[in-house]
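In what follows, a single structure is set out as structure tokens and then discussed.
Numbering (the working numbering), first residue to last: 994 to 1058.
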């Protein structure tokens, strides 16, 4: 991957997270998202981002298997 793309990818991911968090907040305020559903979502995110392929790596290091 071109090093020039990395800031663009990070920026895009940050904007996506902001959008998702805004939608979750609106759903909570409207009563459309229960605390249990929100906790389950947080748990799923934590599980997903704990996977090896989401962990930071040094440039040039091999990708996760």
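Here a beta-carbon is modelled for each residue, glycine too, at the ideal position from N, C-alpha and C.
{"Item": "State the Cα-Cα distance for the pair residue 1012 and residue 1019, rounded to the nearest angstrom.", "Value": "11 Å"}
{"Item": "For residue 1054, name the three-state secondary structure that DSSP assigns.", "Value": "coil"}
{"Item": "Determine, using beta carbons only, whether residue 1017 and residue 1026 come nearer to each other than 8 Å.", "Value": "yes"}
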